[in-house]
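Heads up: the structure comes next, in structure tokens.
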Amino acid sequence: MSEPKLLVDNLGMPESARWHDGRLWFCNWIEQQVVAVDADGKAEYSDVPVGRLMGWSIDWTPDGRLLTTGDKLRRYEPDGSVTVLAEQGANELVVDARGNIYLNGADFDFAGGEAPKPGWIKLVTPDGAVRQVADDIQFPNGMVLTPDGRTLVIAESFAGRLTAFDVGPDGGLSNRRVVAGNLGPDGICLDAEGAIWVQTGGAGAVRVTEGGEILQRVELPFEDRAPFALTVVDFDGPTLCLLTAEWRMSDSITDNIQRLINGPRTGRVYTIPVAVPPVDR
């Protein structure tokens with residue numbers, strides 16, 4: 010396995026990694042920015058009014074308009090205006106080919122140290138209707154949809170597992186099942202062979218299939234620096250991007266978050282070549 014290569018640094022907390030339109034895209038938490046980076050590390054920063062320092066995500070509509078979560082679900086129009094699609098606050102999102110938007114979240118103050126509550130997945134249909142399609146999610150995090158739109162997989166961070174659902178014709182979710190366990194999942198990604206890259210809970214990540222078989226493992230050689238999000242891109246070949254920031258396991262969640270907010274900016278993106286390309290988007 011190759012040594013990780015630094016692609017970009019001096020970030021707040023990089024999250025919600027996406028491969029889109031030939032670049033790596035991600036959310037720069039704390040700074041309320043969306044960042045797009047090419048293979049040479051050239052970065053473009055865009056300010057977004059998400060209403061939160063932490064806990065928000067990005068994706069795109071089928072016609073290419075950017076969506077963000079945060080305190081509301083927003084769409085960014087070609088003329089530069091912003092449309093609020095739903096007043097629903099959320100963490101991660103994913104969009105299917107029909108324009109259905111899946112949101113996830115949990116109704117407690119994670120950053121403030123409030124006692125955890127089970128989370129949910131909600132569906133926003135193209136007509137603007139919002140309905141809950143899954144509950145009892147143990148701290149919902151990254152989500153992916155298979156290219157055929159028939160399966161949704163979500164990371165349940167507090168349960169240490171990946172959970173899958175079948176997607177019905179009306180966008181509803183059914184047939185809940187565990188894909189893989191004994192993990193430390195946060196942001197996740199699907200590759201072109203249908204395997205999922207997911208965090209181990211330490212400084213590493215694994216490539217797994219449904220049933221929990223580990224096909225590949227990578228480790229970052231850093232103390233107190235775990236990947237919070239990851240994705241596969243095509244930077245002159247398949248490349249795994251690992252989004253990291255300083256996180257001291259000996260400190261409380263609140264102390265770590267305050268350190269991220271107050272600085273210094275320790276967020277970085279590292280790359281490692283892999284064998285299987287991304288799902289093209």
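Residue numbers (the working numbering): 10 to 290.
Glycine is no exception: its CB is placed at the ideal position from the N, C-alpha and C atoms.
Quick caveat: nothing in here was measured; it's all calculated off a predicted structure.
Relative to the C-alpha of residue i, which residue among the options is closest?
{"i": "THR280", "options": "LEU251, ILE266 and ARG290", "result": "LEU251"}
{"i": "LYS51", "options": "GLY151, LEU15 and ALA99", "result": "LEU15"}
{"i": "MET63", "options": "GLN267, VAL139 and ILE39", "result": "ILE39"}
{"i": "THR134", "options": "ARG257, ALA189 and VAL103", "result": "VAL103"}
{"i": "ALA95", "options": "VAL187, GLY169, GLY276 and ALA138", "result": "ALA138"}
{"i": "SER166", "options": "GLY210, ARG159 and ILE205", "result": "GLY210"}
{"i": "ASP56", "options": "GLY73, CYS36, THR70 and ASP72", "result": "CYS36"}
{"i": "ALA204", "options": "ALA284, GLY246, ARG274 and PRO127", "result": "ALA284"}
{"i": "ILE169", "options": "GLY193, ILE146 and GLY151", "result": "The sequence shown places Gly at residue 169, not Ile. Out of GLY193, ILE146 and GLY151, GLY193 has the C-alpha closest to the C-alpha of GLY169."}
Less than 6 Å between C-beta atoms, sequence neighbours within five positions excluded: which residues of the same chain meet that for residue i?
{"i": "ALA45", "result": "ARG32, TRP34 and GLU53"}
{"i": "ASP47", "result": "ARG32"}
{"i": "GLN141", "result": "TRP129 and LYS131"}
{"i": "ARG185", "result": "PHE174"}
{"i": "GLY181", "result": "VAL142"}
Who does residue i pair with in a DSSP beta bridge?
{"i": "TRP129", "result": "GLY114"}
{"i": "LEU2", "result": "In the structure as shown, the chain starts at 10 and stops at 290, and residue 2 therefore has no counterpart that could be examined."}
{"i": "LEU15", "result": "TYR279"}
{"i": "PRO23", "result": "ASN37"}
Tell me where the alpha helix (DSSP H) around residue i begins and ends.
{"i": "ILE281", "result": "Element bounds for ILE281: not the alpha helix (DSSP H) but the beta strand (DSSP E), 276-282."}
Given residue i, which residues of its chain have a CB within under 8 Å of its CB, disregarding the five upstream and five downstream residues?
{"i": "SER183", "result": "PHE174, ASP175 and GLY177"}
{"i": "GLN91", "result": "Per the sequence shown, the amino acid found at residue 91 is Val instead of Gln. Around VAL91: PRO58, ARG83, ARG84 and TYR85."}
{"i": "ALA124", "result": "PHE117"}
{"i": "ILE223", "result": "VAL215, ARG216 and VAL217"}
{"i": "ASP260", "result": "ARG268"}
If you follow the beta strand (DSSP E) that residue i is part of, which residue opens it and which one closes it?
{"i": "THR299", "result": "The question about residue 299 has no answer, for the chain in this structure spans 10 to 290."}
{"i": "GLY151", "result": "149-154"}
{"i": "ASP145", "result": "139-146"}
Excluding five sequence neighbours on each side, which residues of the same chain lie with their C-beta closer than 7 Å to the C-beta of residue i?
{"i": "HIS29", "result": "TRP69 and ARG290"}
Considering only residues of the segment 192-235, which uninterrupted beta strand (DSSP E) runs meet the minimum length of 3 residues and lie entirely inside it, listed in chain order?
Fully contained in the segment 192-235 are the following beta strand (DSSP E) runs of length 3 or more, in chain order: 205-208, 213-217 and 223-228.
Quick one: complete beta strand (DSSP E) runs, 3+ long, within the segment 25-112?
For the segment 25-112, whole beta strand (DSSP E) runs of length 3 or above, ordered along the chain, are 32-38, 42-46, 52-56, 67-69, 75-77, 82-85, 91-95 and 102-104.
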